[in-house]
Structure formats: structure tokens, C-alpha cells
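When the letters of the sequence shown are read in order and numbered with my numbering, they come out as residues 300 to 559. Where is the CB? At the ideal position from N, CA and C, for every residue including glycine.
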Amino acid sequence: MPDAPADLMKSKDAVGDWLATAHAQAGVNCSGCHKGGQDGAEAAGAASWVRRPDHKACATCHEPEAKGYLAGKHGMRLAEGLAPMTPARARQPMHARARATELGCTSCHGAHRFDTRKAAVEACVSCHRDGHTAAYERSPHYALWRKELAGELPAGSGVSCASCHLPRDEYRVPGLDAKRVVVQHNQNDNLRPNEKMIRPVCMSCHGLGYSIDALADAKLVRDNFAGKPAGHIKSLDMVAIRVKELEEKRRRKSAVATAK
């Protein structure tokens, strides 16, 4: 059962949302966020109940994500102890209705439900108004995303904004011979030059040559890849030929060694 103070238990939606999350399944109760992660909050007792936990509360469990968030443009002001970033401060086109939105963990994930699917697309398009974002709904990537949401494709088949700009990484747990999957929350990590996306993002689905051709096509990038590359980088063919030559050379060398 939720352990929030009785006088704060006024929203059935909040309780229902929390019960549907991994937090509830893992035993992370209301106090885990509303009394943790804030400076001096736990020591102050019941009077320290925090109505709107900030990124510090999230960082107590989601340290890699919080670190990435603070390194990116969304969280960089908080990293320096300044007021949160808002779309009004952005250089990219943003929706007027979102100008005053203070960017924190819950501005994308929401409070209590922490819907990762909402954070993957809806949160992005609710603020961003640039041509690349506007073209997303006309792209094959979006068509796959819609099919995943409809249950027509398995989880992970769709391509959301987060698939490319907030990709999933493997993270080694300190002190343990184990890895966990975390989401890179620094959206600038692979943004420029865009070639940084090739291995961790594009080649999850596409070949190397196609990925390079696509990222080199400025118009295709603006159109959010709603089509195919207009040109081909011919030097890639030279590389492919050279790779085949080296593979054939190694094969012949191995065959000679085996024959001896």
C-alpha cells in the first residue's frame, strides 16, 4: 500500500499509476522518491515530504541516466545549480505552448506512471517544432512505431525519437560481473557529427553503406529519413572491394597452412 501521508492521498489516479509501474513491483513506495534524494530530507522526518521530487531523487537509483541527463542540454543548467532549462531558452524552434515548461525527469516521463513510451515520442514532439521533428510522422520509422504500439510488432521493433537520440547502452555494474541496460539521457552524445550515430544506432537495423549514405544526405536528415538516400558515396565501394580482397587473401593463406 502507498505510504504517503493520509492528507496527501487525494489522487486515486496517482495511486493507480504508481501501482502499474516497475517501482511498485520492486517495492519502491511513495517515500522512496518523496523523501529520498533531497538534501537533508530523510533526516528531517515527516515534515520533509517533498511534493515534487527533482532529479536528485531519481539519481539515487538511476545514476547513469541522471549523469547523462545532466550532461545534455536538457539538464545542463541543473548541473551548474541554475534554474531548469525551458523551451523558451532554446535556439531550435519550439512550440509556444511549451515555452515555460521546466525540463526535469517528470516533464518527459510524467509523474507516478513514468511512461517510457510517452517519453520516447510524445514528450519530444510536445516541445520541439523543427522540420526534422515535424517530418517524423511521415517516416517509415514512425510507421513501425505505430505498429509496435498497436501490438502488430514485438517490443523494440518500432523506431521512436528516443531510439536514435536516446539509445540504450550496456552498463557494467561496479563491483559485479554483470551488465545492465541503461538509456543514454544525454541527447547530444551522438548528435554531432551525426556519423557518431552509425554504429550504436543506424547499424542496429541498416548496413554500413546505407547508414553513411543516409546521414550524408542533408535533405533526407531534415525529412527525418522519409525516403532513401539521393546519392551514394563511391569511396565506400572501394573500401568494400578492399575488404573482400583481404578476406580472400586470408582465406588462401589459411588454406595453404591447412594443406601443410
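- Under the DSSP definition of a beta bridge, D468 partners with V481.
- For the pair Y435 and R398, the Cα-to-Cα distance works out to about 21 Å.
- Around T320, the same chain offers F413 as residues with beta carbons nearer than 6 Å, after the five sequence neighbours per side are excluded.
- A direct Cα-to-Cα measurement between K446 and G403 gives close to 29 Å.
- Cβ contact annotation for L443 (same chain, cutoff 8 Å, sequence separation greater than five): L452, S456, G457, V458, in chain order.
- Under the three-state reduction of DSSP output, H427 falls in the strand class.
- In the structure shown, M393 falls within a strand segment according to DSSP collapsed to helix, strand and coil.
- If you ignore the 5 residues before and after V480, its C-beta comes within less than 8 Å of the C-beta of R467, D468, E469, Y470, all in its own chain and listed in chain order.
- With contacts defined as CB atoms closer than 8 Å, H354 and G374 qualify as a contacting pair.
- Shortest Cα-Cα distance from N485 to any of G526, E494, L465, K478 involves L465.
- Of the residues P301, A305, K311, R350, the one whose Cα lies closest to the Cα of G326 is P301.
- In this structure the stretch 419 to 438 lies against the stretch 515 to 522, because at least three pairs of beta carbons, one per stretch, are closer than 8 Å.
- As for any alpha helix (DSSP H) of minimum length 4 sitting wholly inside the stretch 313 to 338, the runs are 321 to 324, 329 to 333, ordered along the chain.
- Between H333 and A365 the beta-carbon gap is near 17 Å, outside 8 Å, which marks them as no contact.
- Comparing C-alpha distances from K518 to each of P528, S510, A305, Y509 shows the shortest one belongs to P528.
- Approximately 4 Å separates the beta-carbon atoms of M393 and P386; this is inside 8 Å, confirming the contact.
- For I540, the secondary structure class from DSSP, reduced to helix, strand or coil, is helix.
- In the three-state DSSP reduction, A529 falls in the coil class, being neither helix nor strand.
- If you compare the alpha carbons of V349, R350, Y368, R351 with that of A358, the shortest gap goes to Y368.
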